[in-house]
Amino acid sequence: MSFFQLRTLPGYAWPPLAAGPIAQVWVAYLELDRLQWLEPDRLETQQLEQARTLLSHSIAHVPYYREALSQAGIVPGAIRTMNDFRRIPILRRRTYQEHNARFEAKTLPAATVASNTRKTAGSSGTPTTVFQTNLVHMWWHAFFLRDLEWAGIDPSGSLAAIRSTGKKDATLLKLLNGVSASTWLQALHPLIEMGPSHVMDIQQDHRVQLRWLQGVAPDYLLSYPSNLEVLAELARGLRPLTGPARPLPSLKAVHAISDTLTEDAQKNIEDAFGVPVKNTYSCAEAGYLASPCPAGHGLHVHAENVILEVLDDAGQPCQPGQTGQVFITHLHNFRGPIIRYELGDEATLGMKGCPCGRGLPLLARVQGKNSPMFQLPDGRLKSSTPVARLVRKAGGHWQHQVIQKARDHVVVRVAIDPSWTDEHTETIKTRLRDFFEAPIRVDVEIHDRIPMPESGKFQSIINELTAPAGKGA
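Encoded structure:
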């Protein structure tokens, strides 16, 4: 029995029959349902077959690859194993950004049509333009269905989404107040039964966001981890008023997208809302990368969408349990191919062979972008990873941002709650001086709120210095 309620042609109650052009999404989703159970070797063979097709197209029609792959002596027909595939040169993010126009193919396969372009959020400093097609969108919708099913998120319920909308002016003003629609995704409305949706732009005040959520009473909440963490702090602050009652009683699950969800953040959000948090690993460049295993064994890579490599510092494949850099090849984008592309994330490779029976590769964890290194007064470098927790545990506030201005100067911006006192200021100063192992200058700035950027990619830790090479502390 299908997880989804399929809309059907009039007169065809059983078996249901998907109608119209969107029916192709349903066919793709059913194929994904079959492919997930293939043996890993069989999946890899089919990935490489698709990769050979992509490489041939890229050499013929994409200016950058025509030059780069020819110089590297890459012959698509000779790519028969992953060792062969790893002979293809790595594509650095900076290279893709600097030569963006040379990555677009003007000639596309039959039935493939150029659609829109989109920009990444630019969390690494510079946005990246991605060229898309009708079939990129089709596969995105198919993986959207798989992701919902694995997470147990029933689209016939109601959804509240707080995200970057990319809108401006009058449309943005409407979205800052929240707008409602009769369905989650208009594109899939003809295909499956979907409940109502409510959308608010990420730039709205978090306190307004929480009040809005209490008003729309959703079954599911979708947003970015950094935004959900702030909402969790605010929800926790309501407990003196609500007691043990959950701040959003109708909520069944939270869906964290786009940014990395740390274990600490997941626990904080789950504790605050009293429901499980599901996390999808995705990116603007290629869409869905990995989703949580339904049996709880890490995240399964969507191998039908990408070849995802986790490589060590020497560019060699990591072994299970090892952490390395993520590189992706999007198998279905023939307009703007990205092949062995440096995503800028870290991930830990999972075990070989999942107990759930799926043949899809496993990631144990996704660490995401590296936290910035802070410079100590003596010149050493120290990971900033513990800083967010040190400041959050000080209490008295619901949002913070730590900015290193100089080796001996840090600014902490806090949006305070009614419990804030001067003691909280001193606690933060003491903790940061202990972290920096020196009596540095710590300025604590009091704010009503710290606005989210338009992209929704909030950085709670920022180093405004140019970190030199050095020995980590």
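Take the sequence shown: its letter number 473 is residue 973 in the working numbering, and every next letter is one higher. C-beta atoms are modelled at their ideal positions from N, C-alpha and C, and glycine is treated no differently. Computed from a prediction, not measured in an experiment: that's the story for all the values here.
Buried/exposed call for residue i, threshold 16 Cβ in 10 Å
i    : result
W514 : exposed
K929 : buried
E809 : buried
K757 : Checking the sequence, you will find Ile at residue 757 rather than Lys. When all chains shown are included, I757 counts as buried.
T760 : buried
Q766 : buried
G577 : exposed
N805 : buried
A651 : buried
H599 : exposed
G879 : exposed
Q899 : buried
T994 : Lying outside 501 to 973, the shown extent of the chain, residue 994 is not represented and no answer is given.
G796 : exposed
A894 : buried
Supposed contact pair residue j and residue i - C-beta distance, whole angstroms, cut 8 Å
i    : j    : result
L876 : R907 : 7 Å
T620 : E785 : 7 Å
I559 : S570 : 7 Å
V525 : H689 : Not really, about 12 Å apart at Cβ, beyond 8 Å.
A681 : S697 : 5 Å
V630 : G836 : 6 Å
Q974 : E846 : Residue 974 lies beyond the stretch modelled for the chain, which goes from 501 to 973, so this question has no answer here.
L863 : C854 : About 11 Å; that fails the 8 Å criterion.
L799 : Q819 : Actually they do not touch by this definition, with Cβ atoms about 17 Å apart.
H561 : A605 : 4 Å
Nonlocal neighbours in the same chain, by C-beta distance under 7 Å from residue i, ignoring five residues either side
i    : result
E964 : I903, Q904, K905
D948 : A915
L710 : L731, L734, A735
G520 : P690
P718 : S658, L659, A660, H698, S750, L751
L509 : L517, A519
V775 : L751, K752, A753, V754
M582 : E544
M851 : P820, L862
CB contact flag (residue i, residue j, <9 Å)
i    : j    : result
R889 : D764 : yes
R646 : Y788 : yes
V730 : V699 : no
A790 : V801 : yes
S960 : Q901 : yes
A523 : L691 : yes
V891 : E945 : no
W639 : A528 : yes
I702 : L728 : no
F585 : I828 : no
S658 : S750 : yes
P516 : L530 : no
Q714 : P747 : yes
E842 : R592 : yes
L721 : I662 : yes
L548 : I574 : no
Paired residues, beta bridge with residue i - DSSP
i    : result
Y841 : L591, I828
F631 : T617
Q901 : R913
V975 : Here the chain covers residues 501 to 973 and nothing more, so residue 975 does not appear.
Q875 : L881
P792 : L799
D533 : DSSP, once it has assigned bridges, lists no residue as partnering D533.
V699 : A661, V679
E945 : R913
S723 : I662, A756
T508 : T508 is not bridged to any residue.
Cut-off 6 Å between Cβ atoms - residues of its own chain near residue i, not counting five sequence neighbours on either side
i    : result
I590 : R840
P540 : G859
V942 : V910, K929, L932
D771 : none
Q550 : L831
H557 : F834
G972 : Since pLDDT at G972 reaches only 43, below the 50 mark, its modelled position is unreliable, and the value read off the structure follows with that caveat. L881, listed in sequence order.
A572 : P589
S624 : In this predicted model, S624 has a pLDDT of only 49, less than 50, meaning its place in the structure is not dependable; the value taken from the coordinates is given anyway. Once the five neighbours on either side are set aside, the close Cβ partners of S624 are G844.
R602 : P563, Y564
F504 : I692
F958 : S726, M952
Neighbourhood of residue i by C-beta distance below 8 Å, restricted to the same chain and skipping five residues each side
i    : result
Y512 : none
I962 : P872, Q901, V902, I903, Q904
R542 : G859
P609 : H557, F834
C793 : W650, L799, H800, C854, C856, R858, L862
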